[in-house]
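To start, the structure under review is shown below, and the notes come after it.
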Amino acid sequence: MPRQKKPARSQVLFARLGEMTSPPPPAAGDPEDEVLNLVSVAERVIRTAPDSSRTLRMKKFRAQLLHAWLVSNFQPCRAADIGGGKGLLGHLLIQSGWQVTVIDPVSQPLPEKYKDIRTGQRVKVSAAHAVPRIAQPFEVDMAQGFDLLIGMHAHGCNAKIIDAAALYGCGFVIFPCCVIDEPFFPRLGVHWLECLAAYALERGLEVFPFRLNFKGQNIGLCHVGRNLHPLLWEGHATPPLPSRAGAGGQVGE
Ligand SMILES: C[S@@+](CC[C@H](N)C(=O)[O-])C[C@H]1O[C@@H](n2cnc3c(N)ncnc32)[C@H](O)[C@@H]1O
């Protein structure tokens, strides 16, 4: 059989340069909408949370999806939803027996209704419901007394959340989107998620990545912390890999 000729080094180099310099797909504009094809972060495989929808849900369902993931992985605890916006995630967690405070400088009322993604029903939020709020920008010392710090697309808070976890032993779940207003930037060629995972690991905080089933930046980093009690992990440091592969792998509602 004739031996295949190896491509010249310059050809390989040229092809690589072509790959590196070819324009990226059209930018989504908002970093929250960025769809990432990562399969691992900081050499840890990204676990995909199972969801009843076989296609990616719309971004507006991210609070419901994170609520479902949190309550299926941890016992109720004292959580701060940093950059929590309208507070829907906090409301859902409170309904599940958690204690939640939203820390967000912009005061916003709870939405009047939301969709329960398990039943498909619209649920009205009575005006009597409120989630405790601290209407200030998040600072590290505010984390005292919380078991879990949550940052879903929380603006400019990711490094501070990791600092707070290192100082007070809190767990955290962060879904970082943009790097604006953070105290450092990733090196060229390093993704912001990788940079934050490395920052946490350097501070001695074990983290694992997981992916929720919604369009946009849907990869989270979780650190369990001192007071978070995992459910059903049977001695493992991270939740078991879901048996149904491929959940959340396709686009479309
Ligand atoms: C993209 S929204 C995310 C809201 C919510 N977590 C969600 O997923 O729908 C970012 C939120 O971060 C809040 N924010 C901005 N700067 C902040 C800061 N320094 N500390 C806490 N929250 C902040 C904004 O007011 C806004 O509600």
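Take 770 as the starting number for the sequence shown in our numbering and just add one per residue. In this text, a Cβ means the ideal position worked out from N, Cα and C, and glycines have one as well.
Close-in-space but distant-in-sequence residues of the same chain around residue i (CB under 6 Å, 5 per side omitted)
i: GLU801; result: HIS922, CYS946, GLY985, GLN986
i: ILE886; result: PHE830, GLN833
i: ILE863; result: VAL869
i: ASN996; result: ASP916
Distance CB(residue i)-CB(residue j) smaller than 8 Å
i: ILE903; j: MET911; result: yes
i: ALA1006; j: GLU971; result: no
i: PRO978; j: ILE815; result: yes
i: GLN877; j: LYS855; result: yes
i: SER865; j: VAL840; result: yes
i: PRO952; j: ALA928; result: yes
i: ASP799; j: ASN982; result: no
i: LEU879; j: LEU858; result: no
i: HIS924; j: LEU807; result: no
beta-carbon residue i near ligand 1 non-hydrogen atom, thresh 7 Å
i: PHE803; result: Rather than Phe, the amino acid found at residue 803 in this sequence is Glu. No - ligand 1 has no heavy atom lying nearer than 7 Å to the Cβ of GLU803.
i: ILE851; result: yes
i: PRO906; result: yes
i: HIS860; result: no
i: PRO874; result: yes
i: CYS926; result: yes
i: ARG826; result: no
i: GLY798; result: no
i: ALA818; result: no
i: GLY854; result: yes
i: ALA832; result: yes
i: HIS922; result: yes
As assigned by DSSP and simplified to three states, the class of residue i
i: ALA848; result: strand
i: CYS946; result: coil
i: PRO999; result: strand
i: CYS964; result: helix
i: ARG778; result: helix
i: SER841; result: helix
i: GLN868; result: strand
i: GLY914; result: coil
i: GLY958; result: coil
i: ARG891; result: strand
i: ARG772; result: coil
i: LYS882; result: strand
i: GLY920; result: strand
i: LEU990; result: strand
i: PRO906; result: coil
i: PHE983; result: strand
C-alpha gap between residue i and residue j, whole angstroms
i: LYS884; j: GLN890; result: 6 Å
i: LEU1000; j: ARG847; result: 16 Å
i: GLY938; j: ALA849; result: 14 Å
i: ALA784; j: GLU812; result: 26 Å
i: LEU963; j: ALA837; result: It should be noted that the sequence gives Glu, not Leu, for residue 963. When rounded, the distance between both Cα atoms is 25 Å.
i: GLY1021; j: CYS926; result: Here GLY1021 scores only 36 on pLDDT, less than 50, and its place in the model should not be relied on; the value that follows carries that caveat. So the alpha carbons of these two residues sit roughly 30 Å apart.
i: PRO1009; j: HIS998; result: 15 Å
i: GLU1003; j: GLN913; result: 29 Å
i: VAL804; j: SER779; result: 33 Å
i: TRP867; j: GLY994; result: 17 Å
i: MET827; j: ARG956; result: 31 Å
i: VAL948; j: THR888; result: 36 Å
i: ASP950; j: PRO776; result: 46 Å
i: HIS898; j: HIS860; result: 8 Å
i: GLU788; j: VAL781; result: 11 Å
Sequence-distant residues of the same chain with beta carbon closer than 8 Å to residue i, five excluded per side
i: ARG980; result: ILE815, ARG816, THR817, ALA818, ASN987, ILE988, GLY989, GLY1017
Residues of its chain near residue i, where Cβ-Cβ distance is below 7 Å and the 5 sequence neighbours each way are ignored
i: HIS992; result: ALA934, GLY940, PHE941, ALA969, LEU974, GLU975, VAL976
i: ALA1014; result: Per-residue confidence for ALA1014 stands at a pLDDT of 42, beneath the threshold of 50, marking its modelled position as unreliable; no derived number is given.
i: PRO874; result: ALA904, GLN905, PRO906
i: LYS882; result: ARG891, VAL892, LYS893, VAL894
Closer than 8 Å to chain D by CB, residue i
i: GLU881; result: The structure shown contains no chain D; it is built from a single protein chain.
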